[in-house]
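J.:
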Amino acid sequence: MREAVSLTDQVVLDASRPLWITHLRPDPRRLTLAVVSIARLRERGPHGLAALRARYLTAAETEQAATLRAPRRRLEWLAGRLALKHAVSAHGRRHWGLAREPRTVEVRAVSGGLQGGRPVVDAPVEVGLTHSGDFAVAVCGPHAVGVDLEHDRPMPPTLARLLDEECDPRAPSADARRLAAMPATLRWTCKEAVLKYYGFGLRIDAGEVALTGWLPDGRFTWRPGGGLLRHAPVAETRRPAGWAGVVAGHHLALVERPPGG
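Quick note on the working numbering: the sequence shown kicks off at 54 and runs consecutively.
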């Protein structure tokens with residue numbers, strides 16, 4: 054990251070707010086983050102949700118929405134589309150002086166392959182999307198970005214043990230000891246954010262991302278495994294920078310292009 058600036062105080066997760074948007078500091082990173090409250094969407098009921106779909110979705114998106122059968126999945130999907138559209142619209146106003154309405158932004162997903170499901174938009178930007186609990190979070194910027202959110206809940210014991218085996222609370226490095234004290238769910242979130250940066254998600258084993266340290270300002274360090282390098286060899290020389298922290302009881306990780314990359 055370009056400066057030692059923590060994101061903890063820049064991100065607001067408030068289920069009572071239907072929409073919250075911010076432009077992340079420092080300014081050179083040019084990232085815009087949008088949060089949509091799934092809880093508030095849930096309160097709208099069928100007619101309110103239908104009105105939102107009619108207002109914000111393109112024809113192609115409306116067709117896709119109609120294929121989703123599970124009510125929870127439909128709600129998360131809509132929240133994610135709204136977050137992405139508002140992030141792209143706000144980013145355009147801030148950095149290009151472009152007044153584009155959110156409803157005109159079309160969101161698609163990569164079909165097939167290791168990047169299948171990765172969201173893309175009809176604008177010259179890269180986007181990242183995550184949802185958990187009552188929130189959908191989208192990030193938009195000029196370069197690749199990965200974001201993951203997990204609400205605070207116990208990790209499955211087997212997974213927690215695997216994550217703990219990667220850490221040494223007696224490590225000589227203070228950053229490595231701090232990593233060992235990081236909540237297991239937050240460590241998992243870091244791994245997912247790295248994999249989502251490359252567009253793979255969990256199609257690549259999370260064990261291919263080895264966390265190595267957690268700095269006082271929230272930045273985390275990591276190294277790629279051989280399996281990840283086979284699909285993203287650039288990870289060896291241009292490793293993206295990561296930040297992780299706990300915001301309103303949720304574990305949030307963000308990965309972006311390395312400084313000068």
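Note that CB positions come from ideal geometry on N, CA and C, so glycine has one too.
DSSP has Trp275 in a bridge; who is on the other side?
T.: BP columns for Trp275 point to Leu264.
J.: Mapping the DSSP letters down to three states, classify Thr120 as helix, strand or coil.
T.: Here Thr120 sits in coil by DSSP.
J.: Among Asp217, Gly295, Ala112, Ala119, which one has its Cα closest to the Cα of Val158?
T.: It is Ala112.
J.: Specify the secondary structure class of Val299 as computed by DSSP and reduced to three states.
T.: Strand.
J.: Pro277 and Val262: beta carbons closer than 8 Å?
T.: Cβ atoms of Pro277 and Val262: closer than 8 Å.
J.: Provide the residue(s) that pair with Gly194 in DSSP beta bridges, ordered along the chain.
T.: According to DSSP, which records beta bridges pairwise, Gly194 is partnered with Glu179.
J.: Along the chain, where does the alpha helix (DSSP H) containing Ala224 start, and where does it finish?
T.: It is not in any alpha helix (DSSP H) - Ala224 carries neither H nor E in the DSSP assignment.
J.: Under a Cβ-count criterion, where at least 16 other Cβ atoms within 10 Å of its own Cβ denotes burial, should Trp149 be classed as buried or exposed?
T.: Burial call: exposed.
J.: Using the rule of at least 16 other Cβ atoms within 10 Å of the residue's Cβ for burial, across every protein chain shown, is Arg291 buried or exposed?
T.: Looking at its Cβ environment, which holds fewer than 16 other Cβ atoms inside 10 Å, Arg291 is exposed.
J.: Determine, using beta carbons only, whether His303 and Asp201 come nearer to each other than 8 Å.
T.: Taking 8 Å as the Cβ cut-off, His303 and Asp201 do not qualify as a contacting pair.
J.: Name the DSSP beta bridge partners of Ala294, please?
T.: Paired residues: Glu309.
J.: Taking the alpha-carbon of Cys193 as reference, which of Arg240, Tyr109, Ile74, Asp62 has the nearest alpha-carbon?
T.: Per the Cα distances, Ile74.
J.: Quick check on this structure: which residue in Gly166, Ala176, Gly165 has the alpha carbon closest to the alpha carbon of Leu137?
T.: The option with the nearest alpha carbon to Leu137 is Ala176.
J.: Leu223: buried (16+ other C-beta within 10 angstroms of its C-beta) or exposed?
T.: At residue 223 the sequence reads Arg, which differs from the Leu that was named. So Arg223 ends up on the exposed side.
J.: Ends of the beta strand (DSSP E) at Arg95?
T.: Not the beta strand (DSSP E): Arg95 falls in the alpha helix (DSSP H), residues 91–109.
J.: How would you label His100, buried or exposed, when you count the other beta carbons within 10 angstroms and need 16 or more for buried?
T.: That one is exposed.
J.: For Leu305 and Val64, which I take to be in contact (beta-carbon distance under 8 Å), what is that distance rounded to the nearest angstrom?
T.: That pair is a contact at about 6 Å.
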